[in-house]
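Chemist:
Chains as they are written, first to last, in the numbering used here: chain P, 2 to 270; chain V, 275 to 574.
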């Protein structure tokens, strides 16, 4: 037993770290069943109830804020994924003036503190006379901006690892460039694009610091929690948190299963 | 370092730039991303710089004028050096803790997990799909005054009977450590993943103890991941204010809290701009210094 522990000590420690990462999630799931109707300001488990799940939209403004965050996330993901994927193709497959500078500019948003990016953007909006029109569209602009770098980096790495001989083979077999792109290149790059899209959505859905500076009167889901944290958080927000965790687990696990099955199919063929 | 040269992948048969053509297509493809980042990332930095040189007597109502008022920087530093230094200190400590526990986790996944590697990697990222704010609020509950953590620490006399964790630097640093841990784990994992197992075996064959083999082979080869991870953890941590606001008290105010308040509550755009510029400059200086020191320029 002792020698077994000694042999696997790194793995055991690693799993303990992983377990630690789930502590707050366990609290979120637990609190989604918490009945806080007696002591609203006491943020601790009191008694069990299904009510938070059945009356999800009872707290005023909660579901509205979730809808705003979902729309923002979808639109920001769509725009960032499309123009980011195009950019990744340009950077990997083409040469142009300013390529080095472009790589640098794409790296910088990932290395800047959010508070600095958020406040600069606010400074720009105010200076250009849009200070009074902060809202959905200014948040969308900000979200696309910080998602772009992550999309380009993700798609770029997928594209760089792609075997160009496959495209060559398609061309040799008289495929037109368009056919080659849509039948060979794009399907091969697609997992990277999908990963980038999922990452963008979660970044956008979860962003608080940049959003809060540029939101005006619009309230996203994280901003709703922030506002509610001052008065006492309705337990329903934990239901949304639990649902987010479940959805992401389902998405990533099914992706993993699919890729394993596909790998097996190729191995068999 | 001789060791790094050994693991370098053989040069591809086709030169990397072959097939790259300078054509109109390249410009068309990059244009939307370049315009978006130019307008909403690069230009805003100029606005921020302009803000930092505003006449400090301006207000939202009377408007602001760029008067090259460099004293703004001096005022921001003398008024807010406390939160600024505190941010760097908290972020530094949190990054160090992240490095230790993040390395252990990344090493376990890359070296010991076998066929479970991908599943574990997914499990590292999955908890972070639950809202950042919600998870930080959960820490508030866990570290709360009558929670089991505080009760246990009081029972073993680490904390006095009235001692608390909330509203102390410990809680804020714990929150930051937790929230930015994946930014440490993923780059280190990516580096460790590339380490050629045969090199470690070779070290063993040459009678290096496992610990010595780790120190002489594995650790140096994972340095790019360590440097990348520390930067990706430290930078957002230094600018964060959510942990300080939810888990700390006004005594734990970080520079993010100050900038946020100056912009949204006080409306002192000049001071807010100056402080943001100072933070950005400090971070850039640290990044350049750190990357030079650790000899991993190729990261930039």
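All C-beta atoms, glycine included, are put in the ideal place defined by N, C-alpha and C.
#1: Less than 8 Å between the C-beta atoms of residue 373/V and residue 497/V, yes or no?
#2: By alpha-carbon positions, which one of 370/V, 368/V, 395/V ends up nearest to residue 381/V?
#3: Mind checking which residues open and close the alpha helix (DSSP H) that includes residue 448/V?
#4: For residue 10/P, count the other beta carbons within 10 Å of its own beta carbon; 16 or more makes it buried, fewer makes it exposed. Which is it?
#5: What separation, rounded to the nearest whole angstrom, lies between the Cα atoms of residue 408/V and residue 308/V?
#6: Of all the residues that make up the region 531-546 of chain V, which are near chain P by a beta-carbon distance shorter than 8 Å?
#7: So residue 584/V packs on residue 324/V, CB below 8 Å; how close in whole Å?
#8: I'd like to know whether the C-beta of residue 568/V is nearer than 8 Å to at least one C-beta of chain P.
#9: Helix, strand or coil for residue 9/P? Go by DSSP, reduced to three states.
#10: Please list, in chain order, the chain P residues whose beta carbon lies closer than 9 Å to that of residue 468/V.
#11: How would you call residue 178/P, buried or exposed, if buried means at least 16 neighbouring beta carbons within 10 angstroms?
#12: What is the DSSP secondary structure of residue 98/P, counted as helix, strand or coil?
#13: Can you tell me which of the three DSSP states residue 537/V falls into?
#14: Closer than 8 Å, Cβ to any Cβ of chain P: which residues of the region 386-398 of chain V, in chain order?
#15: Using 8 Å as the threshold, is the C-beta distance between residue 311/V and residue 551/V below it?
#16: Measure the Cβ-Cβ separation of residue 88/P and residue 303/V and say whether it is below 8 Å.
#17: The alpha helix (DSSP H) spanning residue 58/P covers which residue range?
#18: How would you list, in chain order, the residues of chain P whose beta-carbon sits under 8 Å from the beta-carbon of residue 381/V?
#19: To the nearest whole angstrom, what separates the beta carbons of residue 512/V and residue 361/V, a pair I think is in contact under 8 Å?
#20: Is it right to say residue 358/V is buried, meaning 16 or more other beta carbons lie within 10 angstroms of its own, or is it exposed?
#21: Between residue 4/P and chain V, is there a C-beta pair that is closer than 8 Å?
#22: My output table needs one value for residue 108/P: the three-state DSSP class, helix, strand or coil.
#23: Can you list, in chain order, the residues of the region 103-114 of chain P whose Cβ is nearer than 9 Å to any Cβ on chain V?
#24: Classify residue 328/V as helix, strand or coil using the three-state DSSP reduction.
#25: What is the DSSP secondary structure of residue 392/V, counted as helix, strand or coil?
#26: For residue 292/V and residue 385/V, I'd like the C-alpha separation in whole angstroms.
#27: Write down every uninterrupted run of the beta strand (DSSP E) in the region 460-534 of chain V whose length is 3 residues or greater and which is fully enclosed by it, in chain order.
#28: So which residues on chain V does residue 203/P lean against when the C-beta distance must stay under 7 Å?
#29: Run through DSSP, which three-state label would residue 90/P get?
#30: Per DSSP, what kind of secondary structure is residue 420/V in: helix, strand or coil?
#31: Name, please, each residue of chain V whose Cβ falls closer than 9 Å to the Cβ of residue 59/P.
#32: At a Cβ threshold of 8 Å, is residue 422/V touching chain P?
#33: Just the C-alpha distance for residue 232/P and residue 30/P, rounded to the nearest angstrom, thanks.
#34: Under a three-way DSSP split, which group does residue 278/V fall into?
#35: Got a sec: is the Cβ-Cβ distance from residue 458/V to anything in chain P below 8 Å?
#36: Name the DSSP bridge partner or partners of residue 35/P?
Modeler: On the basis of the coordinates in this document:
#1: The count along the second chain starts at 1 and reaches residue 373/V at position 99. The count along the second chain starts at 1 and reaches residue 497/V at position 223. Going by C-beta atoms, residue 373/V is not nearer than 8 Å to residue 497/V.
#2: Here residue 381/V corresponds to residue number 107 of the second chain, with the count starting at 1. The shortest C-alpha separation from residue 381/V is found at 395/V.
#3: For the purposes of this step, residue 448/V is taken as residue 174 along the second chain, with counting starting at 1. Run containing residue 448/V: 443-468, per the alpha helix (DSSP H) assignment.
#4: Here the question's residue 10/P lines up with position 9 in the first chain. Counting Cβ neighbours within 10 Å, residue 10/P comes out exposed, since fewer than 16 surround it.
#5: Taking the second chain and counting its residues from 1, one reaches residue 408/V at position 134. Taking the second chain and counting its residues from 1, one reaches residue 308/V at position 34. Straight-line Cα distance between these residues: approximately 34 Å.
#6: 533, 534, 537, 538, 543, 546
#7: The displayed coordinates of chain V run from 275 to 574. Any statement about residue 584/V would go beyond what the structure contains.
#8: Locating residue 568/V in the second chain gives position 294, where the first residue counts as 1. Chain P, which has no Cβ nearer than 8 Å to the Cβ of residue 568/V, makes this no.
#9: For this step, residue 9/P is matched to residue 8 along the first chain. Looking at residue 9/P - three-state DSSP - the assignment turns out to be coil, as it is neither helix nor strand.
#10: Here the question's residue 468/V lines up with position 194 in the second chain. Result: empty, since nearest Cβ-Cβ is about 13 Å, beyond 9 Å.
#11: Here residue 178/P refers to the residue found at position 177 of the first chain. Burial call: exposed.
#12: Translated into the one-based positions of the first chain, residue 98/P becomes position 97. Looking at residue 98/P - three-state DSSP - the assignment turns out to be coil, as it is neither helix nor strand.
#13: Numbered from 1 along the second chain, position 263 holds the residue referred to as residue 537/V. Residue state, collapsed to three classes: helix.
#14: 386, 387, 392, 393, 394, 396, 397, 398
#15: Here the question's residue 311/V lines up with position 37 in the second chain. Here the question's residue 551/V lines up with position 277 in the second chain. Going by C-beta atoms, residue 311/V is not nearer than 8 Å to residue 551/V.
#16: Locating residue 88/P in the first chain gives position 87, where the first residue counts as 1. Locating residue 303/V in the second chain gives position 29, where the first residue counts as 1. Closer than 8 Å, so yes.
#17: Start at 1 with the first residue of the first chain, and residue 58/P comes out as number 57. That residue, residue 58/P, is in no alpha helix (DSSP H); it is neither H nor E in DSSP.
#18: Taking the first residue of the second chain as position 1, residue 381/V is located at position 107. Residues of chain P passing the Cβ test: 11, 15.
#19: Indexing the second chain from 1 puts residue 512/V at position 238. Indexing the second chain from 1 puts residue 361/V at position 87. Correct: roughly 5 Å between the Cβ atoms.
#20: Within the second chain, residue 358/V is the residue found at index 84, counting from 1. Classification for residue 358/V: buried.
#21: Residue mapping note: residue 4/P aligns to position 3 of the first chain, counting from 1. Residue 4/P does not count as touching chain V.
#22: By one-based count along the first chain, residue 108/P stands at place 107. Here residue 108/P sits in helix by DSSP.
#23: 103, 105, 106, 107, 108, 109, 110, 111, 112, 113, 114
#24: For the purposes of this step, residue 328/V is taken as the residue at position 54 of the second chain. The answer is strand: DSSP assigns residue 328/V an E or B state.
#25: Looking up residue 392/V in the second chain gives position 118. Looking at residue 392/V - three-state DSSP - the assignment turns out to be helix.
#26: In the second chain, residue 292/V corresponds to position 18, counting from 1. In the second chain, residue 385/V corresponds to position 111, counting from 1. Residue confidence is low: residue 292/V scores 47 on pLDDT, short of 50, so the model does not pin down where it sits. Its coordinate-derived value is still stated next. Going by the C-alpha atoms only, they are around 35 Å apart.
#27: none
#28: As a working note, residue 203/P is residue 202 in the first chain. Per Cβ cutoff of 7 Å: 403.
#29: Taking the first residue of the first chain as position 1, residue 90/P is located at position 89. Note: residue 90/P maps to helix in three-state DSSP.
#30: Taking the first residue of the second chain as 1, we reach residue 420/V at position 146. Here residue 420/V sits in coil by DSSP.
#31: For the purposes of this step, residue 59/P is identified with residue 58 of the first chain, where counting begins at 1. Correct list: empty, because the minimum Cβ distance to chain V is about 18 Å.
#32: Taking the first residue of the second chain as 1, we reach residue 422/V at position 148. By this cut-off, residue 422/V is not an interface position.
#33: For the purposes of this step, residue 232/P is identified with residue 231 of the first chain, where counting begins at 1. For the purposes of this step, residue 30/P is identified with residue 29 of the first chain, where counting begins at 1. Near 21 Å, if we compare the C-alpha coordinates of residue 30/P and residue 232/P.
#34: Within the second chain, numbered from 1, the residue matching residue 278/V stands at position 4. At residue 278/V the pLDDT is 39, less than 50, meaning the model places this residue with poor confidence and gives no usable figure here.
#35: Here residue 458/V is taken as the residue at index 184 of the second chain, counted from 1. Chain P contact via Cβ: absent.
#36: Residue mapping note: residue 35/P aligns to position 34 of the first chain, counting from 1. DSSP output for residue 35/P lists 49/P as bridge partner(s).
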